[in-house]
Every structure is written in structure tokens, then in C-alpha cells.
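As C-alpha cells, the structure follows; a few thoughts come after it.
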Amino acid sequence: MKETNPTWDYHNPYEWLDRIRTSSMPPLIVCCAVSGGVQGKESNPNLPETPEELAESTGAAYDAGASMVHVHARDPQKMYSSAGDAVTYRLVNCLIRERCPDIIINNTTGGTWGMSVEERLSCLDAAPEMATLNMGPDMYKMRLKERPAPLTHPRPALDMDGCMPVTYGEVATFARAMQERGIMPEMELYNPGQYWPVHDLIAQDLIRAPYWIQFVMGYQTSVYPTPANLLNLVDELPAGAFSWWPASAPTSSP
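For the sequence shown, our numbering begins at -13 and goes up steadily by one.
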């Protein structure tokens, strides 16, 4: 059976038409983010927090057809927050690997607010196959629900209004750390302007095709999740790229 090249030049309409004609589109890759870096059981009691819960939720997604999992490990001393150490990520990744032998593990380097670069990089030492790479700053404004007892590590409600700063140099630092470890970066674009740092990484040979690019749409300072914006993002993809976006993105009103 002829192997299908999973990437192509998105700017070439003839290649697209040929793939449709020959039914040679690449297989669908389903990635499940079983938790995030901010909300915990105070927002939804079904959200996994402990390493065992994260592995169990990943297993359920794997059994349902997911081939990749995006992992936010939790700080064992602050279960409502992301972990910033390799030990915790190694435990979570090990439990996931035992439950799902061939799933692709995608650790976050986004972490959560207030984390240092070193804390965000620590997950790379847990040997994931992939890791996220934010391509620009992230502003956020939200109110987090109170985390009441008997939940582990209760805390009051929080009003969040801040920004996670990201520079060209920091993006390069993360990309270089992934390249040194043989980890594929999942570049997260919040708006079309963040293609500038993508091409900067290409120019420095810090990333190589196939480029894995996720569109983060409908999240506060990202683009609105409209067909026009999606087409615009796709039109700017470099040749030899994968692209994907969440099946359901949260939206925020002014």
C-alpha cells in the first residue's frame, strides 16, 4: 500500500484537488486534553487532578479513539495548579504509558500563571514525544471559582487579570530545548501575527518540517472562532505543516 505523505503545500490548489480525487488525505489524529492549567474540581468534579486520575481519564479517551494526550500535571502541594517539576511529570507520563502503550504524550510548557521559564521547561525532562510551544504573549481576565473543602488544598475565589509575556528569545529557548531532546514542538498560534516567530524558528533551523501548528481560537486575546479567521490562518501555513484546532473552543464576552 502506498504511504501517504501527511503534509503538503496548503497554497497549491492542485495538490489539494489531487488528494481529494485519490482519497489520499492523511488519517485524522485525535488529541484529548484531559485537564488544563487553571481549573480543577472546583469547576467540574469530573476533572482529573492526581496522577492516577490523569492516567485513568487518558485511558478512557484512548479507548474512545484518541491517539494523543495533552498533559497538564498537577502540583502535589497545590492540586489546583500545574506542576513545575520533572518528577511529577515523570510519574504522570509513566502511569499514562502503562495504561496506553502507544499513545503520543504531549506535555505542556505553558504551565500556568506565575511560573518561571525553568518550571515550564521541566516537563521536557519527562521524555514526552511532543510538547506545546506558545508563539506569543497571552493576556487573560477571568474569575476562578472558590475551591472549598473537602477538596484538597482549598482556596478562595480568585480574580485573574494578567499577561504571560513571551519574547522571540524565549520562544527560541523552548524550541532549542525541545530540539536537543528530540521532542516535536506543537506550536500554538493565537493570531496570524504569531507566524512571524514561526518563520524566525525556521530561519534559525530550530524547527524542521513537518511543522506541527495548533490554532488557538476563541480564547480572549486569540482570534474569534469564525470561518473567515480559520481560512486566514490556514492560508498562512508554511509548506510542510500539520494544522489542527480544538473541536470546541471557549469564548469570552467583553
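Just so you know, even glycine gets a beta-carbon here, dropped at the ideal spot from N, CA and C.
**Request:** Sort out for me which residues DSSP pairs Y126 with in a bridge.
**Result:** G148, per the DSSP bridge assignment.
**Per-residue burial, C109 [other beta carbons within 10 Å of its own, 16 or more giving buried]** = Answer is buried; the Cβ neighbour count reaches 16.
**Message:** Starting from P213, trace the beta strand (DSSP E) in both directions and tell me its first and last residue.
**Reply:** Premise fails: P213 lies in the alpha helix (DSSP H), 213 to 221, not in any beta strand (DSSP E).
**Request:** State the Cα-Cα distance for the pair V220 and S208, rounded to the nearest angstrom.
**Result:** A direct Cα-to-Cα measurement between V220 and S208 gives close to 15 Å.
**Item:** P183 versus P123, V55, D4, residue with shortest Cα-Cα distance
**Value:** Answer by Cα proximity: P123.
**Complete runs of the beta strand (DSSP E) confined to the stretch -2 to 55 [at least 3 residues]** = 17 to 19, all fully within the stretch -2 to 55.
**Prompt:** Hey, out of S29, E105, L3, whose CA is closest to P134's CA?
**Reply:** Closest option to P134, Cα to Cα, is S29.
**Request:** State the Cα-Cα distance for the pair A225 and N(-2), rounded to the nearest angstrom.
**Result:** A225 and N(-2): Cα-Cα distance of roughly 9 Å.
**Request:** Return the chain-ordered ranges of every alpha helix (DSSP H) run that is complete within the stretch 180 to 217 and spans a minimum of 4 residues.
**Result:** Counting only runs of 4 or more, we get 181 to 189.
**Request:** Assign S102 to one of three DSSP states: helix, strand, or coil.
**Result:** Residue state, collapsed to three classes: coil.
**Given 8 Å, three or more beta-carbon pairs between the stretch 90 to 100 and the stretch 113 to 121** = A contact is defined here as three or more CB-CB pairs under 8 Å, and the stretch 90 to 100 meets this definition with respect to the stretch 113 to 121.
**Given R83 as reference, the closest of E35, E42, I193, K127 once Cα atoms are compared** = Ranked by Cα distance from R83, the first of E35, E42, I193, K127 is E42.
**Prompt:** For the beta strand (DSSP E) that N177 lies in, which residues bound it at each end?
**Reply:** Unbroken run through N177: none, as it is neither H nor E.
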